[in-house]
């Protein structure tokens, strides 16, 4: 697997915004709150829900590996 930094090159073709290998973050509005999420990859949807007080960051090490075959969405818990 090739390893690269997101945003390298700055031309939109070798990392950064629009590159499915690079996480894109956002806020999902829900009643009474906004939930932070990160999405990366292409393919069937795979949603990662942290437990035990974790957040989307607990998946930083292996989400890029899963993103080779899936659209990976990691969510922060509400609160």
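Numbering (my numbering), first residue to last: 7 to 85.
Where is the CB? At the ideal position from N, CA and C, for every residue including glycine.
- Here residue 49 is exposed, its C-beta having fewer than 16 other C-beta atoms within 10 Å.
- If you draw a 10 Å sphere on the C-beta of residue 57, you find fewer than 16 other C-beta atoms in it, and that means exposed.
- Within the model, the alpha-carbon separation for residue 66 versus residue 33 is close to 18 Å.
- Per DSSP, residue 80 is one residue of the beta strand (DSSP E) stretching across 77-81.
- For residue 55, the three-state secondary structure derived from DSSP is coil.
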